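Working notes for the structure below.
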Amino acid sequence: MEKFDLCVIGSGPSGFAAAMRAIDFGKRVALIERGKVGGAGIFDGALSSKTLWELSESYKLTHNTHLGYTVYDSEVHFGSVMQQAHRAVAEKHVQLKQQIAHFQKSGQLKFFNGHAKFASPHVISITDAQGQQQTMEADNIVMAVGSRPRYLPHIPIDEKIILTSDGVSALPDFPKSIVILGAGVIGCEFATIFSNFGKTKVYLIDKEERILPFEDEDISRAVAANMEGNGAVIHHGASLEKMSIVNGKVEYVLSFKDGRQETHTVEKALISVGRVSNSENLGLEAAGVVLNDRGNIDDEHTRSNVPHIYAVGDFTADISLVNVGELEGRHAVERMFGQPARELVYENISTIMFLNPEVAAVGLNETQARKKKIPYRVAVMNYRYVNRAIAMSKVDGFFKILVSDDDEMKILGLRVMGNHASSTIMAVALMISMDIGIEHLAELIFPHPSIPEGIQECARMLMGTSIVKPEVFNLDVRCYRVDAQGRVDDL
């Protein structure tokens, strides 16, 4: 039986990161994948959907008649769009396979294509597509088994008429109409994508009073207004009573708090109600690994209840994001074979929501700070006061930075909604991890003109040294304080 220092089950972002980090330590690694190298992080997941978003944004730009020019006779075809998305996915897939081939040749890594199952705490059985089995042994094991879209038992999902995100790439054309169940990040992103292309009437079922309920109200209201301005219809405060396939189309029934019901018919439906981990048929009982009632592992900084078995990525109960999965994969290996340079923390994780426009975030928002009864100060500034936004004619958006309500004014969180929002986050994420105050941000020299200059001006506003004065533009430039009881006072 072949033996390895580490066995990684799953080659998605977290598993691949773990395997590559183990090679840094000079360890011999077994990497097992039952599907395609790269997992959902590439195929029908982050890379695929974000490529579609980029293409939809580019296409939407051709129809913007407020930029001093007009584009006539533009066309878009779903097959061509998906071909571009597949090209992006294929490029990354080839890169991953090149790395695997290189380290297989050097003898540092061995790749197995098949389904992995524990035979004992240190022994893994691998079954390939032909049913052939082999076993291997490893001193340490990382489970990076990933996740899949959640199915609802009362909805007949066939991935043709009623689909999940896994079925979008197989659509033959832009549907004339689509209803999206789930107003979280993924649902709102696909609503943005389809509405940007202008070929599909989009309906979004939102059981809450506002979409993205985990975000501050100013973010969710602005995103909803832009989405509706793009032609989408949001069913606010709606409960789905029934969804069925009738004569090849989707019929769905909604109920509202006032007692009324509505019945709608659309061409397609997209179910976006979260993801579930691929925890089945892994032989976890043979390894002694315990799952929680949601099918995840309640890990202790990536380590499961069995000391030599680790869980990373969507298999844990933590945040399901590619960058988080990669961080966890690397951290798990550093715990096994070395000493992590720092503790695994999630407070300064940067995120992007690919909406209209994009929303970038790090740290706490106001909703979270108030729930935790943390007193804070906040500065908000509209995009219209940033020269780069004016130059791009993209002034739809705002910056909002939260700091501690004391003399140090340490950064608690940042939200930016607008074009190039993702380019504003990293300096603030670093400052949160360093636990330092905003005076450092206020004195940096940013490139000009650039969107991140808006973050600096927010910091200066809180220090009372801003160039753009809140007392002049107090409708969309403002500073205020919120105490532990949620009382608000202007600064």
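For the working numbering, count along the sequence shown from 1 and bump the result up by 649. For glycine and all other residues, C-beta sits at the position ideal for the given N, C-alpha and C. Nothing here was measured: the structure is a model prediction, and the numbers come from that model.
(request) Measure the C-alpha to C-alpha separation of residue 925 and residue 680 and round it to an integer number of angstroms. (result) 22 Å
(request) Tell me, please, which residues DSSP counts as bridged to residue 842. (result) Its beta-bridge partners do not exist; DSSP assigns none.
(message) Taking only three categories from DSSP, how would you classify residue 1139?
(response) strand
(request) Determine which residues share a DSSP beta bridge with residue 1031 and list them. (result) 1047
(request) Using alpha carbons as the reference points, say which of 733, 930, 684, 694 lies closest to residue 707. (result) 733
(message) Pop quiz: residue 978 and residue 663 are said to be a contact at Cβ under 8 Å. What is the actual Cβ separation, rounded to whole angstroms?
(response) 4 Å
(message) Looking at residue 918: is its Cβ nearer than 8 Å to the Cβ of residue 827?
(response) yes
(message) For the beta strand (DSSP E) containing residue 1009, name the first residue and the last one.
(response) 1008-1012
(request) Reducing DSSP to helix, strand and coil, say where residue 1093 ends up. (result) coil
(message) Just verifying my parser: in three-state terms, what is the DSSP assignment at residue 1125?
(response) coil
(request) Find out if the Cβ-Cβ distance for the pair residue 853, residue 829 is shorter than 8 Å. (result) yes
(message) If contact is defined by three or more beta carbon pairs under 8 Å, each pair taking one atom from either stretch, is the stretch 751-761 in contact with the stretch 677-694?
(response) yes
(message) Just to confirm my understanding: we take residue 1034, look at its own chain, exclude 5 residues before and 5 after, and list those with CB closer than 6 Å. What are they?
(response) 1117
(request) Check the DSSP bridge columns for residue 660 and list the partner residues they point to. (result) Residue 660 is not bridged to any residue.
(request) Count the CB pairs spanning the stretch 981-996 and the stretch 797-817 that are closer than 8 Å, and state whether there are at least three. (result) no
(message) I need the straight-line Cα distance from residue 874 to residue 1019, nearest angstrom please.
(response) 25 Å
(message) What does DSSP give as the partner residue(s) for residue 653 in the beta ladder?
(response) 787
(message) Whole angstroms are fine: how far does the CA of residue 856 sit from the CA of residue 889?
(response) 8 Å
(request) Please check the pair residue 883 and residue 811, which I expect to be a contact at CB under 8 Å, by giving their CB distance rounded to whole angstroms. (result) Not confirmed; about 20 Å, so no contact.
(request) Can you have a look at residue 906 and say buried or exposed, based on whether 16 or more other CB atoms are within 10 angstroms of its CB? (result) exposed
(message) Quick check on residue 708: does DSSP put it in helix, strand or coil?
(response) helix
(request) Please name the residue, chosen from 668, 727, 933, 1084, that lies closest to residue 768 on a Cα-to-Cα basis. (result) 933
(message) Within the continuous beta strand (DSSP E) that includes residue 1016, where are the two ends?
(response) Where residue 1016 is concerned, there is no enclosing beta strand (DSSP E), although the alpha helix (DSSP H) it sits in stretches over 1015-1020.
(message) Tell me which residues share the same chain as residue 880 and place their Cβ nearer than 8 Å to its Cβ, disregarding the 5 neighbours each side in the sequence.
(response) 844, 847, 850, 851
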